[in-house]
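A quick write-up on the structure given underneath.
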Amino acid sequence: MTPPRTAQFSRRKALGGLLVGAASAAWRAPTIWVPKPTTLRVLGTHVTLQEELRVRAQADLGIKIEFSPGGSAAVLHQAATRPESFDLYEQWSNSMKVLWQANAIQPIEKRRLRYWDEINNLTKTGRVTPQAQLGLGDAPYRLLNVQPDGTLGARPSEHVSFLPYVHNVDSFGYNSALRSKGEAYKTESWSWLFDERHRGRVALVNAPTIGLFDAALAAQASGLMQFENIGDMTRAEIDRLFEILVAKKREGHFRGLWSSVPQSVEFMRSGDVEIQSMFSPAVSSLNGRGIDCVYAAPREGYRAWHGVMCLSAATTGRVRDAAYDYMNWWLSGWPGAFIARQGYYISNPERSREHLSDDEWRYWYQGRPAVNALRGTDGAVCVQPGEVRNGGSYLRRFSSIAVWNTVMDTYEYSLLRWNEFLLS
Amino acid sequence: MSAHETPPPAPSTWRQPSIRQRVTLGFAVVLVLLIAVGVTSYRGLQADSTRLAQYDESATTALLSTDLERVTANLQRGVQTYIHTGLPGLVESTRDLSSALSAEIESLHERVRGPELRTALERMLRHLEAYARNFEDAVVERALRNELVHDRMSVLADEATAALAELSLRAGNHALVNLLRARHSAMSYHDRLDAQLVDEAKRQLATCRAELAKQQGDVPLDAEGVARARVAVDDYETAFLRSVQATRAYLYLVNVVMAGESAEFAHQAAKLRQMALAEQNLLHANAAHEASRLLHLDLGLITLAVLLGMFSSWAIGLTIVRPLRDMTSTFKALASGRADLNIPGLDRRDELGEMASAAEIFRKKNAQTEQLLSQSRELSTELAAKQEQLENSNAELEQVMYTVSHDLKSPLVTSLGLIGMIRDMAARGQMDKAVSQLDRLERPNRRMSTLISDFLSFSRVGRVDAEHGDVELGPLVSAVLDELRVVDHMNTLDVEVAEDLPTVRGNSEALQRVFENLLTNAMKYASTSDDTRVEIGFEQHDDHALVFVRDHGPGIPLEYHARVFELFQRLETDQEGTGVGLAIVDRVMKHHSGDVRIEPTPGGGATFWLRFPQPQLLAVT
Numbered sequence: 003m004t005p006p007r008t009a010q011f012s013r014r015k016a017l018g019g020l021l022v023g024a025a026s027a028a029w030r031a032p033t034i035w036v037p038k039p040t041t042l043r044v045l046g047t048h049v050t051l052q053e054e055l056r057v058r059a060q061a062d063l064g065i066k067i068e069f070s071p072g073g074s075a076a077v078l079h080q081a082a083t084r085p086e087s088f089d090l091y092e093q094w095s096n097s098m099k100v101l102w103q104a105n106a107i108q109p110i111e112k113r114r115l116r117y118w119d120e121i122n123n124l125t126k127t128g129r130v131t132p133q134a135q136l137g138l139g140d141a142p143y144r145l146l147n148v149q150p151d152g153t154l155g156a157r158p159s160e161h162v163s164f165l166p167y168v169h170n171v172d173s174f175g176y177n178s179a180l181r182s183k184g185e186a187y188k189t190e191s192w193s194w195l196f197d198e199r200h201r202g203r204v205a206l207v208n209a210p211t212i213g214l215f216d217a218a219l220a221a222q223a224s225g226l227m228q229f230e231n232i233g234d235m236t237r238a239e240i241d242r243l244f245e246i247l248v249a250k251k252r253e254g255h256f257r258g259l260w261s262s263v264p265q266s267v268e269f270m271r272s273g274d275v276e277i278q279s280m281f282s283p284a285v286s287s288l289n290g291r292g293i294d295c296v297y298a299a300p301r302e303g304y305r306a307w308h309g310v311m312c313l314s315a316a317t318t319g320r321v322r323d324a325a326y327d328y329m330n331w332w333l334s335g336w337p338g339a340f341i342a343r344q345g346y347y348i349s350n351p352e353r354s355r356e357h358l359s360d361d362e363w364r365y366w367y368q369g370r371p372a373v374n375a376l377r378g379t380d381g382a383v384c385v386q387p388g389e390v391r392n393g394g395s396y397l398r399r400f401s402s403i404a405v406w407n408t409v410m411d412t413y414e415y416s417l418l419r420w421n422e423f424l425l426s
Numbered sequence: 006m007s008a009h010e011t012p013p014p015a016p017s018t019w020r021q022p023s024i025r026q027r028v029t030l031g032f033a034v035v036l037v038l039l040i041a042v043g044v045t046s047y048r049g050l051q052a053d054s055t056r057l058a059q060y061d062e063s064a065t066t067a068l069l070s071t072d073l074e075r076v077t078a079n080l081q082r083g084v085q086t087y088i089h090t091g092l093p094g095l096v097e098s099t100r101d102l103s104s105a106l107s108a109e110i111e112s113l114h115e116r117v118r119g120p121e122l123r124t125a126l127e128r129m130l131r132h133l134e135a136y137a138r139n140f141e142d143a144v145v146e147r148a149l150r151n152e153l154v155h156d157r158m159s160v161l162a163d164e165a166t167a168a169l170a171e172l173s174l175r176a177g178n179h180a181l182v183n184l185l186r187a188r189h190s191a192m193s194y195h196d197r198l199d200a201q202l203v204d205e206a207k208r209q210l211a212t213c214r215a216e217l218a219k220q221q222g223d224v225p226l227d228a229e230g231v232a233r234a235r236v237a238v239d240d241y242e243t244a245f246l247r248s249v250q251a252t253r254a255y256l257y258l259v260n261v262v263m264a265g266e267s268a269e270f271a272h273q274a275a276k277l278r279q280m281a282l283a284e285q286n287l288l289h290a291n292a293a294h295e296a297s298r299l300l301h302l303d304l305g306l307i308t309l310a311v312l313l314g315m316f317s318s319w320a321i322g323l324t325i326v327r328p329l330r331d332m333t334s335t336f337k338a339l340a341s342g343r344a345d346l347n348i349p350g351l352d353r354r355d356e357l358g359e360m361a362s363a364a365e366i367f368r369k370k371n372a373q374t375e376q377l378l379s380q381s382r383e384l385s386t387e388l389a390a391k392q393e394q395l396e397n398s399n400a401e402l403e404q405v406m407y408t409v410s411h412d413l414k415s416p417l418v419t420s421l422g423l424i425g426m427i428r429d430m431a432a433r434g435q436m437d438k439a440v441s442q443l444d445r446l447e448r449p450n451r452r453m454s455t456l457i458s459d460f461l462s463f464s465r466v467g468r469v470d471a472e473h474g475d476v477e478l479g480p481l482v483s484a485v486l487d488e489l490r491v492v493d494h495m496n497t498l499d500v501e502v503a504e505d506l507p508t509v510r511g512n513s514e515a516l517q518r519v520f521e522n523l524l525t526n527a528m529k530y531a532s533t534s535d536d537t538r539v540e541i542g543f544e545q546h547d548d549h550a551l552v553f554v555r556d557h558g559p560g561i562p563l564e565y566h567a568r569v570f571e572l573f574q575r576l577e578t579d580q581e582g583t584g585v586g587l588a589i590v591d592r593v594m595k596h597h598s599g600d601v602r603i604e605p606t607p608g609g610g611a612t613f614w615l616r617f618p619q620p621q622l623l624a625v626t
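These protein sequence lines map, in sequence, to chains F and E. Using the numbering used here, you'd call the opening residue of the first sequence number 3 and step up by one each time. Using the numbering used here, you'd call the opening residue of the second sequence number 6 and step up by one each time.
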C-alpha cells in the first residue's frame, strides 16, 4: 500500500504562514507586531514524548513544543482534572473512557486529519485483516468515534476522540537462560506466568488496567478460571481472580510488581525475576545488556495497547490549529519510522516505509530475518543479523489480540482488590 | 667400622657450607617458620577482629532492618486506617512515621558498607519518598473528593434543583427529575464505585439539559432563570466529574501506587534483613572456616618447624656431632700415638675439615715418630744382636783362644819335650837316636799346622766368601768326592749321590768346604763300620730344600748333637780331627741363612741335614 502523496509540513511553509499573519497585523496597526511563536503543550509519557521527536517536530512545524512527560497515572489524572494544563495528551486507549467521561478532551475533526484515510483498519474496525482475531476490552475502534449522543462508539462519525498513531502488543518476557525458548503461538502461553517452576521469580506490572489482564490471561490459560468476557470482568470474576492471585502471592509465587520500565529491567537483570509482564523497551534493554529475554508470542493472544493523541477540551484557536498540525506531523512518515526502530508500530505504516531501510522494514514490519545489524533510535545495535522478531510480522501479531488494555466498569472495585493483592 | 677405619670419601666439587652457616641456616629456617606462625596468628586475629566488627555491623543492620520492617508495618497500618477512616490526625502521624523511617534508613545507609545493602537502602528510600509523595497527593485528592462529594456537590445540586424547581413550576419537572436522577446516580457512584453510574449520571444530566432546552422552546421561560439553571447543572456535573476523578485518583494512589511502593519497600526491607542475616551467616561461616584454616595452618607450620628443628638437629648430629665424635676418637687415637688410621672429614671444606687437617698433621707426626721408634727398635734389636753376636764372638774367641792355646800348647809342649829330649840326646851324643826323634817332632808340628790352617779356614768364613752365586750342588759334590778319593781308604766306601741335587744360591768355595767336612767326616766314620755306605740326597719342600749326608757308622750320641758344631769340639774317638770342620759347616750355613742339624741314621750312623731357604733355591735340576 502506497500512501497518496500529500503536502509535507516544512519549516519554510510554517514560516510563510507566520509572515502572512505578521503582514495582516501590520495593516491593522502602525506598529510592527511580531507574533510570539505558538507554543504547543504536550502531556504524555516517555514512550512518545522523546526529545528527538520534539526537536524534529519543532523544526518541521516552526512552532514551539513543550513536552511534559510523566507517569501514566499521574498524567491521566492531570489530563482528566486539569484540561487547561495541556493542549495535546498522548497516552493509551484505556485512558479514553476516563478522559471522555471527565469531559477533559474535545472531539477531533476527521476532516482536518490529513492522513486519516491511510490509517489502517485496526483502529477503524478492530481487525487489521478481515481474518484477524477481534480483541476484547477497550479495543480502540469501540472508543474512536464520537456518537451523536456524545458517547464514544464504533460507528464512524465526523469526529473522533483521538488520533490513532503508536501501538503495539505486549505479553510477558522470560529469560531464555532459565527457561528454554518456546514456539511462538504454539507453546508460549500466558499460563507460564503461573508455572510453579518460576515460584518466587514472577512479576506483574503494577497497573490494574494492564497487569490485571496479564493475571487474568494467565489464570484462564492455566485453567484456573474462565471469564465471560475478559475485557469486561464482573465483580464476581474479579473476586475469583484475586482469590487466585492472593493465594499465589501468599505461596510466594510473585517476586513483586514493577511500576516502571527500568524497574522491570532491574528485576530481570538482577536475577530476581525469570518471567514477568513486560513492555517492549525493557526487552530491548535486556537484550542490549546481553540477557536473552524472549518477548513471548502467547498462543492465547497478546494484550494490545494503542496510543491515543487527544485534544484538550480547553484548547482553541491557533494552538488547536498547531495541535492538528502536530497530529498530522505524527502520521507524516518520519515519526513512524522513528518509533518503528523502538519496536512500535504506526497506524499508517506505508508512509513511514520510505524512511526505513528495506532491512528495517523487513525486520520490524514483515517479521523476516534481519540481513544486517539494525540500530535503535539511540544508535546502538538492537537487532543482530539473522534475528527474527518474535511473533512475526505486524499483521500476524495484530491478528492475535486477546484483549486490549482496558478501564472496565469495575475499575474502581479492581483498585480495592489490587491493594489487597499488593499487601497480602 | 670405626671412624679411623672409614675410607676417605671421594673429594667433592660441591662447596660445602660451613658448620656456622649450616647451624645459622637451620636456626634461620626454624625462626622463619616461627615468625610465620606468629604472623599468621596475628593476621588471623586481625581478620577475626575485622570479622567481629563486620558481624557486629551485620547484626546491627539485621536488627535495624527488623526495626525498619516494624516501623513500615506501623506506617502501612496507619495509612490503611486513614484510608478507611480519613481521620486527619492519622495524616500527621503517618508523616512523622515516614520521616522517622526515612531518617532511620539514612542512618543505616551511613552505617553499612556493603554495596548490595546500600543499594537496597537507597531503593527503600526512593520507594519511601514516592510513598510519602503519593500519600500527600492522596490526602489532597481525598480532601478534594470529600469537599466535592460532601459539600460542593450538595450545594451545586441544591442550587440546580432550586433553579429547576422554579422553572418546573411553569415548564414541568422533566429536567428536575433527570437532575434528581443524576444526583442519585452520582451519590450511588460514590457509594458503590461503579463506573457505569458515572455514565448514567452524565446521561441523566445531558437529558436534564436537553429537557431544559426543549422546555425553553415549548414554553417561554425566563431566559435568565434558564441560564442560571443551565449553569447550575453544568457546575454540578463538573463538580461530580471532578469528584469522580478525585475518587479514582485517590483510589489509584492508595491502592496501586502507594500499595506498590509499600510492597516494594517491604520487600526491600525483608531483603535487607535477609541480606544482613545471610551476611551474618556468611561471616560466621567464614570466621569458622578461617579459624579452622588458621588452626590448621598454625599446626602445619608448628609441625613443620618441629620437624625442621628435628631435621636440623639430626642433620647437625649427622654432619657435625657425629664427625666431631669421630674426630674426638681420632684425636684420642692420635694421642695414643697411632698413625695407622684414616682421618675422617679430610675432604670437608668446613671447620671440621680444618680440624681433620690438623689431625692429619698429628697423624703424620705420629707416623714419623712410629717410624723413628721402629727404626730405633730395629737398631736396638740389631744392636742387641750385634751385642749377642759380639758376646758370642767374644765367648767363641775366648773358647778359641783357650782351645787354640790349649791345642797349640799341646804340640808345642810335645815339641818342646821332644826338642829337649833331642837336645839331651844330642848332648849325650846319641845323634842317631836324636835324629830318630825328629820324626816324632814333625807330627805335633804338623798337627799344629793343621790346626792353624783349619782355624784360618774357619775365620775366613763370611769374610772372604761373601760373593754369592748360583751353585749347582751335583757337580760340586762330585768334585769334592773326586778330591777325597785321592785318599786310599776312601775308595773302599760305597758313596751314593742323588742325581738331581738342587742348585742353590751361595758361595761355591764355602759350600765346597761344607761338603768336604761332612763327607770327610762321614767317610771317616763309615770306614770304621761294616756298612760303608755314604748317601748324599735331598728333599724338596715349598720354601726350602734339605740336602743330607748320611753314613751308617757308629753315629753320634744325642748329647753331642748340639756341641759337635762348636769350635774345637771333638768326640772321644780315635779319629783324628781338629774339631773345626763341623764348626765351619755350621758357620757357612748360617752365612747362607740356613742351618745344619744331626739326626741319627736309622740302623745306626748319623745324618747331617743342610737346610737351604727358598731364596737360595733357584731351581730343581
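Backbone N, C-alpha and C define an ideal beta-carbon position, used for all residues, glycine too. Just so we're clear, the structure is a prediction, and the values are computed from it rather than from any experiment.
Of all the CB atoms in chain E, is at least one closer than 7 Å to the CB of H255 (chain F)? no
Interface residues of chain F facing Q250 (chain E) [CB-CB closer than 8 Å]: H79, A82, T83, V100 and A104
Which first and last residues belong to the alpha helix (DSSP H) in which L306 (chain E) is found? M263 to I321
Within 7 Å, strictly: CB atoms of T211 (chain F) and N407 (chain F): yes
Contact set between the stretch 208 to 230 of chain F and chain E, restricted to residues whose Cβ is under 8 Å from the partner: N208, A209 and P210
Counting only C-beta atoms, is A237 (chain E) closer than 7 Å to chain F at any point? no
Let me see if you follow: with CB-CB separation under 7 Å, is N79 (chain E) close to chain F or not? no
Using the Cα positions of E121 (chain E) and S272 (chain F), report the straight-line distance between them to the nearest angstrom. 11 Å
Unbroken stretches of the alpha helix (DSSP H), 4 residues or longer, contained in the stretch 126 to 183 of chain F: 142 to 146
Just curious, the beta strand (DSSP E) that T612 (chain E) is in, first and last residue? A611 to P618
Between S74 (chain F) and chain E, is there a C-beta pair that is closer than 7 Å? no
Would you be able to state if there are at least three C-beta pairs under 8 Å between the stretch 339 to 353 of chain F and the stretch 168 to 188 of chain F? yes
Determine the direct distance from the alpha carbon of D227 (chain E) to that of G73 (chain F), and round the result to whole angstroms. 48 Å
Count the other C-beta atoms from every protein chain shown that fall within 10 angstroms of the C-beta of D556 (chain E), then say buried if there are 16 or more, exposed otherwise. buried
Whose Cβ in chain E lies nearer than 7 Å to the Cβ of G152 (chain F)? A211
Which residues in the same chain have their Cβ closer than 8 Å to the Cβ of R201 (chain F), if we skip the five residues on either side of it in sequence? E253, G254 and H255
Given a cut-off of 7 Å, decide if L313 (chain F) and A325 (chain F) are closer than it, judged by their beta-carbon atoms. yes
Considering V500 (chain E), what are the terminal residues of the beta strand (DSSP E) in which it resides? D499 to V502
Using a C-beta to C-beta distance shorter than 7 Å, which residues of chain F count as neighbours of V265 (chain E)? Note that residue 265 (chain E) is Gly in the sequence shown here, rather than Val. What G265 (chain E) touches in chain F: N208, L259, S261 and L424.
Of the residues that make up the stretch 326 to 360 of chain F, which ones have a beta carbon closer than 8 Å to any beta carbon in chain E? none
Taking only heavy atoms of the ligand NAP into account, decide whether any of them is closer than 6 Å to the Cβ of S534 (chain E). Absence of the ligand NAP is noted for the structure shown, with no ligands found whatsoever.
Considering Cα atoms alone, identify which of F:L243, F:L247 and F:G393 is closest to M2 (chain F). The first residue shown for chain F is 3 and the last is 426, placing residue 2 (chain F) beyond what the model contains.
8 Å contact criterion, which H161 (chain F) and K99 (chain F) should meet: CB distance rounded: That pair is no contact at about 17 Å.
Taking just the CA atoms, how far does G511 (chain E) sit from E472 (chain E)? 8 Å
With respect to the alpha helix (DSSP H) encompassing D345 (chain E), which residues constitute its N-terminal and C-terminal limits? Counting along the chain, D345 (chain E) falls outside any alpha helix (DSSP H), and DSSP gives it neither H nor E.
Does V383 (chain F) pass the burial test, meaning 16 or more other C-beta atoms within 10 Å, or should it be called exposed? exposed
To be precise: take each residue of the stretch 405 to 418 of chain F, compare its Cβ to all Cβ atoms of chain E, and keep it if any distance is under 8 Å. Which residues remain? V409, M410, D411, T412, Y413, E414, Y415, L417 and L418
Could you please give me the residues that DSSP links to D600 (chain E) through a beta bridge? E:R616
Would you verify that the beta carbon of N421 (chain F) is, or is not, closer than 7 Å to some beta carbon of chain E? yes
Under 7 Å Cβ-Cβ, which residues of chain F neighbour V203 (chain E)? Q103
Report the option in F:W194, F:A306 and F:S266 whose CA atom is closest to the CA atom of S95 (chain F). F:A306
Status (buried if at least 16 other CB within 10 Å, exposed otherwise) for E359 (chain E): exposed
7 Å is my cut-off, CB to CB: does E141 (chain E) come that close to chain F? no
Across the stretch 141 to 153 of chain F and the stretch 120 to 128 of chain F, are there enough close Cβ pairs to call them in contact, namely three or more that are closer than 8 Å? yes
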